[in-house]
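Read the structure below first, then the notes.
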């Protein structure tokens, strides 16, 4: 049974303030919950129907609370609850500057939409990008909508919140810093390195002036046919997908 | 002033049933509304604040209704209304089988999420794909969420609803029919043609068996490093972006 206190606890975790204070977050759905446990994220409380519990192998030593579908529906953030809700502890990662210099990583400058952030985390996972450096103004990686959109990838990608300008400055001159601009060089024919930092900007305003001034390689995703009247830009997660794909294509 | 009847009329257009009956849809926000008018979509009623009307050039002969911000807020489908709401007539397109054979086009097999559909329409616009063939079960291209996500691209891409299996069958043998599968051929090193049909599948289930059996070229977007344990798939709009980018890269 879900006690009143637990229900309230889950509900508060929809808000960033309470996630920050408690260091906890909520994940829902079999795939996401199982993926996060397998990835080693610390589960604190698992709330599920009897049916769910009997049909899934729970790989962590976690407090299990059996609940009815009705109770789960009340606690869920989803329109279509999926039989399992799990409270996890947010992992804390130290930034590894050696990794930042030798790997390909993403930096997000004020990406606001939780769905976009989640989709970008999933893209990073697919393309073996292990670290994402988010500006403080980015959406929270542990909001229910972001977690949902990552489809479990949040367990395999490290998301760091940093003063992004300072962070990029600390790498400048050591590795290429890439960004996409409408007046950049055609990404398909520009040299792309196996290491570096790819900066992606805000949904409405793109990359901020402060970060833009630190970018050493300006890239363009050309539209087709080039110069045709078209949308003025691509959605940030769409652009991230195309850029990451092109970097990885070169490394085959 | 927005009359009660008009307010009700706008609200009903959130539902597919009423959009279908009336052949109308609602678009909001300066960029989208202006883009659709410039693209030649027939505007029926434009509802905007005095300030908006005085600061924008309206290029169509349309009934203009002045409203207060408060009224627009009541009528809007958005959390942050943007000063303008416009009722448009849904365009009707005939399918041009010659174009379908000579161009690169997209086919969507039960793409359910309106946001994904809108993002895919925006991607098509960017990459000069003029026709999207949707199965009857796809999300509605004229739902407010889809329109919002297209950012005006819905005015430049023709979306057709068809019996997708029949449609693909009618093209089989005439052009390559592409689809992405986890056991397909590496898209980066496979021959891609300048014309053809790219089939993208449902968010949870991928391409249906019926459509899959009609696909002649099975593609894979490889993860990195190949074979690493990662997300099991990419979001459908993410995958569409990568596939379209790779087709267009080859045509430079």
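Protein chains in written order, with the numbering used here: chain A, 28 to 279; chain B, 28 to 279. By construction, the Cβ of each residue, glycine as well, lies at the ideal position given by its N, Cα and C atoms. Predicted model, so just to flag it, every value in this text is computed and none were measured.
Distance, residue 40 of chain B Cα to residue 29 of chain B Cα: 15 Å
Below 8 Å on C-beta distance, what does residue 261 of chain A contact in chain B? 149, 150, 153, 268
Cutoff 9 Å: residue 206 of chain B Cβ touching any chain A Cβ: no
How many Å lie between residue 163 of chain A and residue 137 of chain A at the Cα? 7 Å
Going by beta-carbon coordinates alone, are residue 175 of chain B and residue 63 of chain B separated by less than 9 Å? no
In three-state DSSP terms, what is residue 116 of chain B? strand
List the residues of chain B that residue 215 of chain A touches, going by C-beta distances under 8 Å, in chain order. 276, 279
Please state whether the Cβ-Cβ distance between residue 130 of chain B and residue 96 of chain B is less than 9 Å. no
Contact list for residue 250 of chain A against chain D, beta-carbon separation under 8 Å: Given the protein chain composition of this structure (A and B), no chain D is represented.
Quick check on the burial criterion: 16 or more other C-beta atoms within 10 angstroms. Buried or exposed for residue 236 of chain B? exposed
Would you list the one or two residues that DSSP bridges to residue 92 of chain B? B:74
Let me check one thing: in DSSP terms, what residues is residue 245 of chain A bridge-paired to? A:206
Residue span of the alpha helix (DSSP H) that contains residue 200 of chain B, given as start and end: Element bounds for residue 200 of chain B: n/a, residue is neither H nor E.
Give a yes or no on contact between the region 198-211 of chain B and the region 219-230 of chain B, applying the rule of three or more CB pairs nearer than 8 Å. yes
On the criterion of 16 or more Cβ atoms from any shown chain inside 10 Å, does residue 68 of chain A qualify as buried, or is it exposed? buried
For the putative contact between residue 245 of chain B and residue 211 of chain B, defined by C-beta atoms under 8 Å, what is the C-beta separation to the nearest angstrom? 4 Å
Do residue 208 of chain B and residue 234 of chain B have their C-beta atoms within less than 9 Å of each other? yes
What does residue 86 of chain B reach in chain A if we use C-beta pairs closer than 7 Å? Within 7 Å Cβ-Cβ: nothing; residue 86 of chain B doesn't reach chain A, min ~15 Å.
Mind checking whether residue 51 of chain B and residue 109 of chain B have CB atoms under 9 Å apart? no
Within 9 Å, strictly: CB atoms of residue 259 of chain A and residue 215 of chain A: no
Going along chain B in order, which residues have a C-beta closer than 9 Å to the C-beta of residue 264 of chain A? 146, 262, 264, 265, 268
Cβ-Cβ distance between residue 71 of chain A and residue 93 of chain A below 9 Å: no
So for residue 65 of chain A, helix, strand or coil by DSSP? helix
Determine whether the Cβ of residue 297 of chain A lies closer than 9 Å to any Cβ atom of chain B. Here chain A has residues from 28 to 279 only, and residue 297 of chain A is not among them.
Which residues in chain B have a C-beta closer than 7 Å to the C-beta of residue 218 of chain A? List them in chain order. Neighbours of residue 218 of chain A on chain B: none; closest Cβ ~15 Å, over 7 Å.
Which word fits residue 115 of chain A, buried or exposed, when buried means at least 16 other C-beta atoms lie within 10 angstroms of its C-beta? buried
My parser needs the beta strand (DSSP E) runs of 3 or more residues fully inside the region 117-141 of chain A; what are they? 131-135
Per DSSP, cross-strand counterpart(s) of residue 52 of chain B: B:115
With a Cβ-Cβ cutoff of 9 Å, do residue 166 of chain A and residue 203 of chain A count as a contact? no
Could you tell me the boundaries of the alpha helix (DSSP H) in which residue 272 of chain B lies? 263-277
Sequence-distant residues of its chain with Cβ nearer than 7 Å to residue 277 of chain A (five each side left out): 219
Report yes or no: is there a C-beta of chain A within less than 9 Å of the C-beta of residue 178 of chain B? yes
Given residue 179 of chain B, which residues of its chain have a CB within under 7 Å of its CB, disregarding the five upstream and five downstream residues? 58, 59, 62, 63
So residue 46 of chain A and residue 169 of chain A are supposed to be a Cβ contact under 8 Å. How far apart are they, rounded? 5 Å
Assuming residue 99 of chain A and residue 80 of chain A form a contact by the criterion Cβ under 8 Å, report the distance between their Cβ atoms to the nearest whole angstrom. 12 Å between Cβ atoms; not a contact.
Just verifying my parser: in three-state terms, what is the DSSP assignment at residue 184 of chain B? coil
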